[in-house]
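Chains A and B are the protein sequences, given in the same order. Read in the numbering used here, the first sequence has 58 at position 58, and its numbers run on one by one without any break. Converting from the second sequence to the numbering used here requires adding 96 to each position, the first position being numbered 1. Cβ coordinates follow ideal geometry from the N, Cα and C atoms, glycine included. Note that the structure is predicted; figures quoted are calculated from it, not measured. Take a look at the structure below.
2 protein chains.
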Amino acid sequence: MIRHTVVFRLHHAAGSEGEKAFFAAAAPLVDIPGVKNFHKFREVSPKNDFAYCFAMDFDTQETYDAYSNHPVHDAFVQQIWLRDVADFLEIDLVED
Amino acid sequence: MIRHTVVFRLHHAAGSEGEKAFFAAAAPLVDIPGVKNFHKFREVSPKNDFAYCFAMDFDTQETYDAYSNHPVHDAFVQQIWLRDVADFLEIDLVED
Chain A
1 MIRHTVVFRL HHAAGSEGEK AFFAAAAPLV DIPGVKNFHK FREVSPKNDF AYCFAMDFDT
61 QETYDAYSNH PVHDAFVQQI WLRDVADFLE IDLVED
Chain B
97 MIRHTVVFRL HHAAGSEGEK AFFAAAAPLV DIPGVKNFHK FREVSPKNDF AYCFAMDFDT
157 QETYDAYSNH PVHDAFVQQI WLRDVADFLE IDLVED
């Protein structure tokens with residue numbers, strides 16, 4: 001199992017219409033084949049500048065790659081993510 | 097629920113005695129009251145320089161604070177973490 005995690009912050013303010021539109025646009029990611037246990041979190045540590053987190057599990061590297069290359073993911077990245085995200089960090093975890 | 101996550105890398109090489117000793121010294125953290133779902137992960141994304149992750153859940157901010165201030169945690173930080181950890185990032189997540 002691979003836990004794919006991305007922490008990020010937006011150009012939009014918390015509670016703004018832009019923030020709402022971003023998360024509405026992200027909703028279809030959940031239904032891409034292979035995605036399990038999709039969670040949206042708020043990032044609340046004062047020790048970093050990120051504000052949100054998406055986390056999801058993939059059974060295999062192949063399903064992870066298929067997600068990354070899926071047209072729904074690609075459209076989201078190109079049309080929404082690159083425009084709205086001010087900073088991010090991807091973290092991929094595998095259990096020991 | 098607060099998911100407390102820390103990604104980090106060590107001064108020790110993978111597979112080294114120093115790495116083994118670090119994780120042996122970290123084992124008692126699991127038994128500090130309030131810690132739930134403790135996981136140790138390897139961090140495998142090529143997009144950052146971290147190598148490991150500890151993740152754990154706390155029911156409340158109070159149990160999280162009690163963990164942070166617990167003598168077992170404090171001794172680990174002072175005697176092991178500060179000596180062995182080359183870089184780290186704390187990420188605290190709450191579900192929306």
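Answer with yes or no whether the minimum CB distance from residue i to chain A is below 7 Å.
{"i": "residue 190 of chain B", "result": "yes"}
{"i": "residue 138 of chain B", "result": "yes"}
Closest Cβ-Cβ distance between residue i and chain B: below 7 Å?
{"i": "residue 90 of chain A", "result": "yes"}
{"i": "residue 68 of chain A", "result": "no"}
{"i": "residue 7 of chain A", "result": "yes"}
{"i": "residue 45 of chain A", "result": "yes"}
For the beta strand (DSSP E) containing residue i, name the first residue and the last one.
{"i": "residue 94 of chain A", "result": "85-95"}
{"i": "residue 4 of chain A", "result": "2-10"}
Could you tell me which of the options sits nearest to residue i, measuring between CA atoms?
{"i": "residue 131 of chain B", "options": "B:173, B:98 and B:187", "result": "B:98"}
{"i": "residue 102 of chain B", "options": "B:123, B:151 and B:111", "result": "B:151"}
{"i": "residue 111 of chain B", "options": "B:147, B:143 and B:126", "result": "B:147"}
{"i": "residue 160 of chain B", "options": "A:91, A:44, A:80 and A:17", "result": "A:44"}
{"i": "residue 71 of chain A", "options": "A:29, A:9 and A:38", "result": "A:29"}
{"i": "residue 121 of chain B", "options": "B:145, B:174, B:165 and B:100", "result": "B:174"}
{"i": "residue 104 of chain B", "options": "B:113, B:145 and B:128", "result": "B:145"}
{"i": "residue 115 of chain B", "options": "B:138, B:129, B:127 and B:128", "result": "B:138"}
{"i": "residue 61 of chain A", "options": "A:94, A:23, A:73 and A:86", "result": "A:94"}
{"i": "residue 32 of chain A", "options": "A:40, A:23, A:22 and A:69", "result": "A:69"}
{"i": "residue 177 of chain B", "options": "B:163, B:109, B:153 and B:119", "result": "B:119"}
{"i": "residue 89 of chain A", "options": "B:142, B:182, B:134 and B:117", "result": "B:142"}
Which stretch, first to last residue, makes up the alpha helix (DSSP H) that contains residue i?
{"i": "residue 106 of chain A", "result": "One cannot answer for residue 106 of chain A here, as it falls past the ends of chain A, which runs 1 to 96."}
Using a 10 Å radius around the Cβ and a threshold of 16 neighbouring Cβ atoms, would you call residue i buried or exposed?
{"i": "residue 107 of chain B", "result": "exposed"}
{"i": "residue 92 of chain A", "result": "buried"}
{"i": "residue 96 of chain A", "result": "exposed"}
{"i": "residue 180 of chain B", "result": "buried"}
Minimum length 3: unbroken beta strand (DSSP E) runs contained in the segment 121-156 of chain B: 132-139 and 148-154
Pull out every residue of the segment 72-89 of chain A whose Cβ sits closer than 7 Å to any Cβ of chain E, in chain order. Structure shown: chain E not included; protein chains present are A and B.
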